[in-house]
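Undergrad:
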Amino acid sequence: MNYISVEDARAYILKHFAPLEPERVPMLEALDRVLAEDVISELNVPPFNNSAMDGYAVRAADIVHAAPDRPAALRVIGDVAAGYVATRAVEPGTAMRIMTGAPLPSGADTVVRFEETSEGVETRGTGKDRDTVEILKAVQRGDNVRAAGEDIHAGEVVLPRGTLVRPPEIGVMASVGKKEVAVHRRPRVAILATGDELVDIDEPITPGKIRNSNEYGNAAAVVRAGGIPIRLGIARDNIADLTSKIRAGLDAGADLFLTSAGVSVGDYDMVKDVLNAEGAMHFWQVNMKPGKPLAFGVLRGKKDVPLLGLPGNPVSAMMSFEIFARPAILTMLGKTRFERPTVQAVLEESVTNTANRRNFIRVRVEKRDGGYVARTTGEQGSGILTSVSRANGLLVIPEDVTLVRAGDRVDIQMLDWPEW
Ligand code: AMP
Ligand code: MG
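Each number in this note's numbering comes from the position in the sequence shown (counting from 1) with 5 added on.
#1: On the DSSP bridge assignment, give the partners of H189 in chain order.
#2: Can you round the beta-carbon distance between L139 and A77 to whole angstroms, since I take them to be within the 8 Å contact cut?
#3: Look at the alpha carbon of D413 and the alpha carbon of V356, and state the distance between them as a whole number of angstroms.
#4: In this structure, how does DSSP classify G267 when only helix, strand and coil are distinguished?
#5: Across which residues does DSSP place R414 in a beta bridge pair?
#6: Which term fits V90, buried or exposed, when burial requires 16 or more other beta carbons within 10 angstroms of its beta carbon?
#7: Return yes when the C-beta of V388 is under 7 Å from any heavy atom of the ligand MG, and no when it is not.
#8: Quick check on this structure: which residue in G232, L299, A226 and V303 has the alpha carbon closest to the alpha carbon of I251?
#9: Taking the beta strand (DSSP E) that K372 belongs to, which residues open and close that run?
#10: Starting from L255, follow the alpha helix (DSSP H) in both directions and report where the run begins and ends.
#11: What does DSSP give as the partner residues of R305 in its beta bridges?
#12: Is any heavy atom in the ligand MG found nearer than 7 Å to the beta carbon of G200?
#13: Short check: CB of P192 to CB of G232, under 8 Å?
#14: What is the DSSP secondary structure of L399, counted as helix, strand or coil?
#15: Under the three-state reduction of DSSP, which class applies to K184: helix, strand or coil?
#16: Buried or exposed, going by whether 16 or more other CB atoms sit within 10 Å of the CB of W289?
#17: Residues in its own chain within less than 7 Å of G388 by CB, not counting five upstream and five downstream?
#18: Is G314 near the ligand MG, in the sense that its beta carbon is under 7 Å from a heavy atom of that ligand?
#19: Mind checking whether D436 and V81 have CB atoms under 8 Å apart?
#20: In the DSSP assignment, what are the bridge partners of N55?
#21: Less than 7 Å between C-beta atoms, sequence neighbours within five positions excluded: which residues of the same chain meet that for V291?
#22: Under a Cβ-count criterion, where at least 16 other Cβ atoms within 10 Å of its own Cβ denotes burial, should H189 be classed as buried or exposed?
#23: Can you list, in chain order, the residues of its chain whose CB lies under 7 Å from that of A107, leaving out five sequence neighbours each side?
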């Protein structure tokens, strides 16, 4: 057995991953993925000078002295709504009613809001039929006008490759007419639970058996990370079954293999033998708790496929996924950052770490009195899956720290920010 630090194991593993090749997708399917091309705008956004307000398009020179007691009277020569183009120009001494988003008529350089005109202070009518309007305030030339190209210039790289696509980026692509876009392909992640003791969720539990929870937890974690899970079911602890299920995963085009269980010291399981026969594997003792046993290697198929052998204990499997599998999936998606956001919280109870390993304590963070407080989610054993369920963050205690005291300020890595 080889002992290894969390950093060394992660660095070794991540060397085997790179962004997957791009694929062109309808732009909306790019959500939560990373652009593999620059998005360049062919047009100005907005495409023409237009009004930012409902009001009157005027020539600033006509209203330089306007004030409530000295209004500037202008002849109203028409009306222009969004989506239409004025057929007349605004000449000196005239104004045109204009709606938000309507193109600025030629001759006009400024828009005065209704509220700053006689129309805004009157209570009757729409103002549509009026012949003149009084401007009550001098505004700066160009006020309330959105200039052509003020958001995006034609020819500009509006979203560089490497950008993570969120709803605003979807909106930007729509505004420049980008129907399809190249993003990195989502990784296909084969998930294989191993063990003679496992039964699936729709089978009866018989003596000595437990339910297979890892497959489902891992599949959900893969989806959350942005991958596509390929569920291979349960492989029994025998060479034939393990081998055939691994080959099925390779045939299904897996980019990453995730197994659970069978990688601990002294394991009776066949998993190690089979993995070694199918590829070149390391079996590690990672200096972390939970999640000490871990396997990593490359399976030889039509292409080489990295395999991460997660521990069997459900909490260990989830933590090892978080530390090793999630960054691998994010890397394949083209993402370059995988640290979780952290908050500083006051720890509400003392926590000990006597194992000399890096301890990932499941905690629940809450906001209280304008700050954050954290407490453990109770029993931290590696079989207590509900301790992960109750948690929204991780307190990571370094290997050489034996005690973190109640009242200490600690950094918590947030796994989730539930909106409740
Ligand atoms: P192992 O790594 O095979 O020694 O398994 C460690 C522990 O994890 C044992 O108690 C197993 O029964 C349990 N375990 C293994 N696989 C799963 C699974 N898919 N779902 C839930 N528990 C599991
Ligand atoms: Mg086992």
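Ideal Cβ placement from N, Cα and C applies to all residues, glycine included.
TA: Considering the structure as presented:
#1: P27
#2: In the sequence on display, residue 139 carries Glu and not Leu. Their Cβ separation, rounded to whole angstroms, is 7 Å, which keeps E139 and A77 in contact under 8 Å.
#3: 10 Å
#4: coil
#5: V351
#6: exposed
#7: First, the residue type needs correcting, since residue 388 is Gly and not Val in the sequence shown. Between the ligand MG and G388, a heavy atom-to-CB distance of less than 7 Å is absent.
#8: V303
#9: R363 to R373
#10: I244 to D256
#11: D309
#12: True, at least one ligand heavy atom lies under 7 Å from that Cβ.
#13: yes
#14: strand
#15: coil
#16: buried
#17: N318, P319 and V320
#18: no
#19: What the structure shows of the chain is the stretch from 6 to 425, and residue 436 is not part of that stretch, so it cannot be assessed.
#20: Beta-bridge pairing by DSSP links N55 to P108 and R151.
#21: I9, V11, A14, K297 and L299
#22: buried
#23: Correct list, in chain order: N55, S56, V85, A86, A87 and Y89.
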